[in-house]
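Visitor:
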Amino acid sequence: MKAIFGYPKSLQSRTTHYCPGCTHGVIHRLVAESIDELGLRERTVAVAPVGCSVLAYNYFNCDSFEASHGRAPAVATGAKRCRPDLIVFTYQGDGDLASIGMAEIVHAANRGEKITVIFVNNAIYGMTGGQMAPTTLPGQVTSTSPFGRDTELAGWPIRVAELLATLRGKAYIARVAAHTPLLTIKAKAAIRRAFDLQRRDECFTFVEVLSTCPTNWGMTPNEATEWLERNMMPYYRLGVLKEPGDFVPYSVERG
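All residue numbers for the sequence shown refer to numbering that gives the first Met the number 0, where the first residue is 0 and numbers rise by one.
1. Cα separation between residue 111 and residue 203?
2. Are the beta-carbon atoms belonging to residue 0 and residue 53 less than 8 angstroms from one another?
3. Under the assumption that residue 235 contacts residue 174 (Cβ atoms under 8 angstroms), give the Cβ distance between them as a whole number of angstroms.
4. Just the C-alpha distance for residue 172 and residue 89, rounded to the nearest angstrom, thanks.
5. Please report the Cβ distance between residue 257 and residue 193, rounded to the nearest whole angstrom; I am assuming they are in contact, meaning their Cβ atoms lie under 8 angstroms.
6. Counting along the chain, where does the alpha helix (DSSP H) carrying residue 222 start and finish?
7. Taking only three categories from DSSP, how would you classify residue 9?
8. Could you compute how far the alpha carbon of residue 27 sits from the alpha carbon of residue 138?
9. Taking the CB atoms as reference points, tell me whether residue 69 and residue 29 lie closer together than 8 angstroms.
10. From which residue to which residue does the alpha helix (DSSP H) around residue 115 run?
11. When the Cα of residue 164 is compared with those of 44, 241, 17, which residue comes out closest?
12. Excluding five sequence neighbours on each side, which residues of the same chain lie with their C-beta closer than 8 angstroms to the C-beta of residue 155?
13. Rounded to whole angstroms, what's the CA-CA distance from residue 181 to residue 187? Just pull it up for me.
14. Quick one: what's got a C-beta closer than 8 angstroms to residue 17's C-beta in the same chain, skipping five residues either side?
15. Who are the Cβ neighbours of residue 85 in its own chain at under 8 angstroms, not counting the five residues just before and after it?
16. Could you check if residue 196 is buried or exposed, using at least 16 other CB atoms within 10 Å of its CB as the buried criterion?
17. Taking a contact to mean a Cβ-Cβ separation below 8 angstroms, would you say residue 64 touches residue 74 in this structure?
18. Going straight from the alpha carbon of residue 129 to that of residue 151, what length do you get?
19. Does the separation of the CB atoms of residue 207 and residue 132 fall below 8 angstroms?
20. Return the chain-ordered list of same chain residues with a C-beta closer than 6 angstroms to the C-beta of residue 87, the five sequence neighbours on each side being excluded.
21. Within its chain, find whatever has a CB closer than 6 angstroms to the CB of residue 143; leave out the 5 residues flanking it on each side and keep chain order.
22. Verify whether the separation of the beta carbon atoms of residue 9 and residue 81 is less than 8 angstroms.
23. Reducing DSSP to helix, strand and coil, say where residue 56 ends up.
24. Sort 98, 199, 15 by Cα distance to residue 243 and report the nearest one.
25. By alpha-carbon positions, which one of 232, 105, 49, 102 ends up nearest to residue 122?
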């Protein structure tokens, strides 16, 4: 009998430390499956920063770096430039990437570093106590915004994928979600494409994945899934925001 489904070789077999209902585990598997299918495991390097994904190196069965808070793209840039033959990816949350790490991700994307960034957006700081993040929605209650995010004081939530898509460099940028079977299949396709483009030495690749955080949202897993559908998806719209073919070289005449 032919096996049609199994445990990815690029994923370690261990008990999860993530909270019930969190989709980090699903996203880990999608990354691992993509690496396996493309035959990249022996030359893949993961970069884990600070946040819920701080222990990512315990799950991915490949070489890994631990980066300071927000600095994963800088560490990934160093690894990729020293060893262009490697497949280098960062796995980051929104509190890490969109706050203290905003400069690193913007400049890595602007330089067109040929790395892959998996960006998990759950609209809150997860590991550190449920504080308001740059992605927290207007009116959303967190431990540091008990009356809801006030856009007059804190500004509007940052749409990171759209922000990076405005940069001129060649890139693949997509936003997906992983809280339903159908959306998980689509998320897998985007993540696999990101790694494949890096394998072909094409461009900077970035996949934002909308995720639930039942613990810090103060909800059951089912309630969190419904909340994501009702509140996050209208603001953070799914889809491909930029393809490598959208790149237009600059010239003095054309501008």
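Every residue, glycine too, gets a C-beta built ideally from N, C-alpha and C.
Guide: From the atom records:
1. Their backbone Cα atoms lie some 5 angstroms apart in a straight line.
2. It is not a contact, given that the beta carbons lie outside the stated cut-off.
3. That pair is a contact at about 6 angstroms.
4. Computed Cα separation, rounded: 14 angstroms.
5. Since the first and last residues shown for the chain are 0 and 254, residue 257 lies out of range.
6. Annotation for residue 222: the continuous alpha helix (DSSP H) segment containing it runs 220-226.
7. Residue 9: coil per DSSP, three-state reduction.
8. Distance between the alpha carbons of residue 27 and residue 138: 30 angstroms.
9. Going by C-beta atoms, residue 69 is not nearer than 8 angstroms to residue 29.
10. Counting along the chain, residue 115 falls outside any alpha helix (DSSP H), though it belongs to the beta strand (DSSP E) covering 115-120.
11. Relative to residue 164, the option among 44, 241, 17 whose CA is nearest is 241.
12. So the qualifying residues of the chain are 137.
13. Separation of residue 181 and residue 187 (C-alpha to C-alpha, rounded to the nearest whole angstrom) is 10 angstroms.
14. In the same chain as residue 17, and ignoring 5 residues on each side of it, the C-beta atoms closer than 8 angstroms to its own belong to 23, 24, 51, in chain order.
15. Excluding sequence neighbours, residue 85 sits near 42, 43, 44, 78, 79.
16. It counts as buried.
17. One thing to note: residue 64 has its Cβ within 8 angstroms of the Cβ of residue 74.
18. Each residue's alpha carbon lies about 21 angstroms from the other.
19. The answer is no: Cβ separation not under 8 angstroms.
20. Excluding five sequence positions before and after residue 87, the CB atoms of its chain that fall closer than 6 angstroms to its own CB belong to 44, 75, 78, 79, 114, given in chain order.
21. In chain order, 130, 131 place their CB closer than 6 angstroms to the CB of residue 143, counting only its own chain and leaving out the 5 sequence neighbours on each side.
22. Not in contact: residue 9 and residue 81 (Cβ atoms no closer than 8 angstroms).
23. Helix, per DSSP.
24. Looking at the Cα atoms, 199 is the closest of the given residues.
25. Residue 122 has its Cα closest to that of 232, out of 232, 105, 49, 102.
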